[in-house]
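Enquirer: Next up is a structure, given as structure tokens.
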Amino acid sequence: LNIADIASRGTSVADISADSTWIQGPEFLKSEFSEWPVDKVAVDFPEPSQAELKKSVLKAKVAPAKPLIDPAAYSSWIKLTRITAWIFRMCNNLRNKGKRISGPLTVDELDNANLYWIKWGQSDRFQDEIEALRKGRPVPRDSRIASLDPQLVDGVLRVGGRIEKAEIPWESKHPVILDHGHDVTRLIVIHYHRKLIHAGVEHVFNHVREKYWILHGRAEVKNCTVKCPLCFRRRVKPMTQKMANLPNVRLAGASVPFRHVGIDYAGPFDTRIGRNRKEKRYICLFTCLHMRAVHLEVAHSLDTDSCIMALRRFQARRGVPVCIMSDNETNFVGAERELREAL
Numbered sequence: 032l033n034i035a036d037i038a039s040r041g042t043s044v045a046d047i048s049a050d051s052t053w054i055q056g057p058e059f060l061k062s063e064f065s066e067w068p069v070d071k072v073a074v075d076f077p078e079p080s081q082a083e084l085k086k087s088v089l090k091a092k093v094a095p096a097k098p099l100i101d102p103a104a105y106s107s108w109i110k111l112t113r114i115t116a117w118i119f120r121m122c123n124n125l126r127n128k129g130k131r132i133s134g135p136l137t138v139d140e141l142d143n144a145n146l147y148w149i150k151w152g153q154s155d156r157f158q159d160e161i162e163a164l165r166k167g168r169p170v171p172r173d174s175r176i177a178s179l180d181p182q183l184v185d186g187v188l189r190v191g192g193r194i195e196k197a198e199i200p201w202e203s204k205h206p207v208i209l210d211h212g213h214d215v216t217r218l219i220v221i222h223y224h225r226k227l228i229h230a231g232v233e234h235v236f237n238h239v240r241e242k243y244w245i246l247h248g249r250a251e252v253k254n255c256t257v258k259c260p261l262c263f264r265r266r267v268k269p270m271t272q273k274m275a276n277l278p279n280v281r282l283a284g285a286s287v288p289f290r291h292v293g294i295d296y297a298g299p300f301d302t303r304i305g306r307n308r309k310e311k312r313y314i315c316l317f318t319c320l321h322m323r324a325v326h327l328e329v330a331h332s333l334d335t336d337s338c339i340m341a342l343r344r345f346q347a348r349r350g351v352p353v354c355i356m357s358d359n360e361t362n363f364v365g366a367e368r369e370l371r372e373a374l
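In short: position in the sequence shown from 1, add 31, done, that's the working numbering.
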């Protein structure tokens with residue numbers, strides 16, 4: 032019934048005439064619709080008893096065990112691990128009353144406490160990945176640590192990779208995987224930050240990376256260092272005094288140089304007179320308040336007479352100023368009094 036089959040099966044043009052099926056169509060089209068052939072398609076529906084049966088599987092997700100103490104209540108990794116080590120020793124002494132342990136904490140006890148918190152931090156965030164690796168299966172593809180090729184070594188998640196032959200420590204080849212934002216991760220980063228004397232983000236991050244691989248590690252280190260109280264006080268800028276308005280002579284229009292001047296002293300400077308004689312000399316600095324030009328005069332001492340002599344030499348060179356501004360240094364106050372009495 033499909034007329035298009037003629038073109039698709041290699042029919043020549045000579046075989047297609049005006050009376051062919053290609054032009055006229057099938058013969059039943061010339062008959063009434065009621066006389067058209069009807070093709071019945073048999074559809075075999077399965078019986079209800081033959082329907083596909085699917086097996087239901089219940090998957091139980093094991094929640095991580097509650098920690099001995101709340102790590103969020105601590106701000107020091109050393110304090111947390113030491114308290115945990117004392118708790119472990121107490122439990123051991125209660126179980127083995129005949130072999131009680133006393134004295135300071137040993138290195139093994141502290142290492143066991145560190146290992147306990149690392150395992151707890153990993154099981155709190157990567158429980159599915161740990162269960163998959165324990166059963167010999169790869170981690171799920173949608174896992175956040177799938178790209179790290181994680182390995183389970185002595186119950187600890189570590190980064191895999193192909194740098195086994197690198198000449199670096201084994202802990203640097205396979206660092207411990209930690210999640211960002213976790214209390215254990217926060218305490219470890221703060222511990223390194225304090226150990227490195229409150230160093231910057233990059234310095235702390237590089238030292239942490241030698242043993243731990245933290246997801247979004249640089250952002251985690253930055254977040255912890257920003258909240259450090261000592262670093263916060265060090266970064267705060269001191270309060271600056273708001274300066275007063277400029278005097279009107281500084282804002283005047285074009286004027287003769289040194290018409291309005293400011294005066295101050297600089298020094299002392301050690302000078303040599305002759306071969307062996309040394310004396311202190313000062314510089315009397317005159318500055319134009321309008322165009323900031325500078326004139327320097329030598330002052331032999333800080334007394335009033337030296338100030339007046341420097342002022343006379345300045346006036347002889349630059350002319351008599353209209354206004355002289357200075358602070359309340361004793362030689363300036365004495366020179367003002369002497370000039371007022373003379374005039």
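Yeah, the Cβ is synthetic: ideal placement off N, Cα and C, and Gly gets one too.
#1: Thinking C-alpha only, which one of A275, V257, G186, L327 is nearest V267?
#2: Check whether the Cβ atoms of P206 and W244 sit closer than 8 Å, and answer yes or no.
#3: Restricting to Cα atoms, I'd like to know which of V69, A35, E66, A45 is closest to G56.
#4: Give the straight-line distance between the Cα atoms of Q182 and R165, rounded to the nearest whole angstrom.
#5: For a test of the three-state rule: what should DSSP assign to P299, helix, strand or coil?
#6: Take V184 and list the residues in its own chain whose beta-carbon comes closer than 8 Å to its own, dropping the five residues that flank it on each side.
#7: Just the C-alpha distance for K130 and P269, rounded to the nearest angstrom, thanks.
#8: If you compare alpha carbons, which of H326, E369, R265, A103 is closest to G293?
#9: Alpha carbon to alpha carbon, how far is R168 from G192? Give it in angstroms, no decimals.
#10: Rounded to a whole number of angstroms, what is the C-alpha to C-alpha distance between R240 and A275?
#11: With burial defined as no fewer than 16 other Cβ atoms inside 10 Å of the residue's Cβ, what is the status of G186: buried or exposed?
#12: What's the C-alpha gap between I378 and I132?
#13: Quick check: what's the CA-CA separation for K150 versus L111?
#14: Consult DSSP for F317 and reduce its assignment to one of helix, strand or coil.
#15: Can you look up G293 in the DSSP assignment and give me helix, strand or coil?
#16: Would you grab the beta carbon distance between V351 and H321 for me? Rounded to a whole angstrom, and I think it's under 8 Å.
#17: Which same chain residues end up closer than 6 Å to V397 when comparing Cβ atoms and leaving out the 5 residues on each side of it in sequence?
#18: Is A197 helix, strand or coil by DSSP?
Expert: The relevant details are as follows:
#1: One-based indexing of the sequence shown puts residue 267 at position 236. Residue V257 is the option with its Cα nearest to V267.
#2: As a working mapping, residue 206 is identified with position 175 in the sequence shown. As a working mapping, residue 244 is identified with position 213 in the sequence shown. The answer is yes: Cβ separation under 8 Å.
#3: Stepping through the sequence shown from its first residue, residue 56 is reached at position 25. Selected option, being the one with the closest Cα: A35.
#4: Stepping through the sequence shown from its first residue, residue 182 is reached at position 151. Stepping through the sequence shown from its first residue, residue 165 is reached at position 134. If you take the alpha carbons of Q182 and R165, they lie about 10 Å apart.
#5: The count along the sequence shown starts at 1 and reaches residue 299 at position 268. Three-state DSSP puts P299 in a strand.
#6: Along the sequence shown, one-based indexing puts residue 184 at 153. Contacts found: H205.
#7: Position 99 of the sequence shown, counted from the first residue, corresponds to residue 130. Position 238 of the sequence shown, counted from the first residue, corresponds to residue 269. Their Cα atoms are separated by approximately 60 Å.
#8: Within the sequence shown, numbered from 1, the residue matching residue 293 stands at position 262. Among H326, E369, R265, A103, the Cα nearest to that of G293 is on H326.
#9: In the sequence shown, the residue the question calls residue 192 occupies position 161. In the sequence shown, the residue the question calls residue 168 occupies position 137. Using only the alpha carbons, I get a separation of about 17 Å.
#10: If you number the sequence shown from 1, residue 240 lands on position 209. If you number the sequence shown from 1, residue 275 lands on position 244. Cα to Cα, the separation comes out at about 52 Å.
#11: Sequence index remark: in the sequence shown, residue 186 carries index 155 (1-based). Answer is exposed; the Cβ neighbour count stays below 16.
#12: With the chain represented from 32 up to 374, any question about residue 378 goes unanswered, as that position is not in the structure.
#13: The residue given as residue 150 occupies position 119 in the sequence shown. The residue given as residue 111 occupies position 80 in the sequence shown. C-alpha separation (whole angstroms): 15 Å.
#14: Counting from one through the sequence shown, the residue named residue 317 turns up at place 286. Strand, per DSSP.
#15: By one-based count along the sequence shown, residue 293 stands at place 262. Looking at G293 - three-state DSSP - the assignment turns out to be strand.
#16: As a position in the sequence shown, residue 351 is number 320, starting the count at 1. As a position in the sequence shown, residue 321 is number 290, starting the count at 1. No, V351 and H321 are not in contact; Cβ-Cβ is about 16 Å, not under 8 Å.
#17: Because the chain spans 32 through 374 in this model, residue 397 falls outside it and cannot be assessed.
#18: Mapped onto the sequence shown, residue 197 falls at position 166. Coil, per DSSP.
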